[in-house]
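Enquirer: Got a structure for you, questions after.
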Amino acid sequence: MAYFVWAQDMVIDGGAIDEEHKKLVDLLNTLHDATSQGRGREVVGKLLGELIVDTADHLRNEEAAMAAAGFPNLERHKIGHQAFVDELHKLQQRYQQGSISVAAQLSSVLRDWLSLHIRRNDKELHDFLRQQQRGPAQTRR
Ligand SMILES: [Fe+2]
Ligand SMILES: [Fe+2]
2 MAYFVWAQDM VIDGGAIDEE HKKLVDLLNT LHDATSQGRG REVVGKLLGE
52 LIVDTADHLR NEEAAMAAAG FPNLERHKIG HQAFVDELHK LQQRYQQGSI
102 SVAAQLSSVL RDWLSLHIRR NDKELHDFLR QQQRGPAQTR R
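Sequential numbering from 2 applies to the sequence shown in the numbering used here.
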């Protein structure tokens with residue numbers, strides 16, 4: 002069983018956002034494998050960097066998609082993203098300062114955050130998009 006398994010209840014847009022989430026899940030599993038197999042700092046550090054960059058890219062793309070869709074809770078959502086990016090950077094710094102155990106800690110922080118954030122916060126976009134699709138039907142009553 003993989004460390005983090007993408008599940009159907011994490012579907013947000015049936016498109017680009019889901020694909021990015023899946024990519025992050027894959028990368029996170031690769032990072033977890035590398036740390037649990039005791040791979041060297043070079044491998045782990047590279048994966049860690051990649052994951053942090055891809056996460057930041059995803060959050061930016063997601064915010065752009067939300068803005069394009071007219072998602073009403075965008076400002077609040079952005080604050081959550083920024084707090085998480087700050088936390089990741091702090092952990093990355095600690096890793097670079099020498100603590101290899103931080104990589105394992107980072108895997109679990111990322112897994113917990115992604116799992117909760119997608120299911121709770123990104124889900125609001127999913128619900129909003131569905132509501133919009135149902136729009137005309139709703140006014141029909
Ligand atoms: Fe997301
Ligand atoms: Fe998000």
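Just so you know, even glycine gets a beta-carbon here, dropped at the ideal spot from N, CA and C.
1) Given a cut-off of 7 angstroms on the beta-carbon distance, is the pair L126 and I53 in contact?
2) Given H82, which residues of its chain have a CB within under 6 angstroms of its CB, disregarding the five upstream and five downstream residues?
3) Are there 16 or more other CB atoms within 10 angstroms of the CB of E63, so buried, or fewer, so exposed?
4) Which residues bound the alpha helix (DSSP H) around H33?
5) Given 6 angstroms as the limit, tell me if D123 has its C-beta closer than that to any heavy atom belonging to ligand 2.
6) If you pair each beta-carbon of the stretch 92-107 with each one of the stretch 42-49, do three or more pairs fall below 8 angstroms?
7) Which residue marks the beginning of the alpha helix (DSSP H) containing S62, and which one marks its end?
8) Pop quiz: M11 and R120 are said to be a contact at Cβ under 8 angstroms. What is the actual Cβ separation, rounded to whole angstroms?
Expert: Checking against the coordinates, here is how it stands:
1) Taking the first residue of the sequence shown as position 1, residue 126 is located at position 125. Taking the first residue of the sequence shown as position 1, residue 53 is located at position 52. For the 7 angstroms CB-CB criterion, L126 and I53 do not form a contact.
2) By 1-based counting over the sequence shown, the position of residue 82 is 81. L60, listed in sequence order.
3) Counting from one through the sequence shown, the residue named residue 63 turns up at place 62. E63 should be labelled buried.
4) In the sequence shown, residue 33 corresponds to position 32, counting from 1. Unbroken alpha helix (DSSP H) run through H33: A17 to S37.
5) Translated into the one-based positions of the sequence shown, residue 123 becomes position 122. With a cutoff of 6 angstroms, D123 counts as near ligand 2, since its C-beta is closer than that to a heavy atom of the ligand.
6) Yes, the stretch 92-107 is in contact with the stretch 42-49.
7) Here residue 62 corresponds to residue number 61 of the sequence shown, with the count starting at 1. This sequence places Asn at residue 62; Ser is not what is there. Taken as a continuous stretch (DSSP letters only), the alpha helix (DSSP H) holding N62 covers R42 to A70.
8) As a position in the sequence shown, residue 11 is number 10, starting the count at 1. As a position in the sequence shown, residue 120 is number 119, starting the count at 1. With a Cβ gap of about 6 angstroms, M11 and R120 count as contacting.
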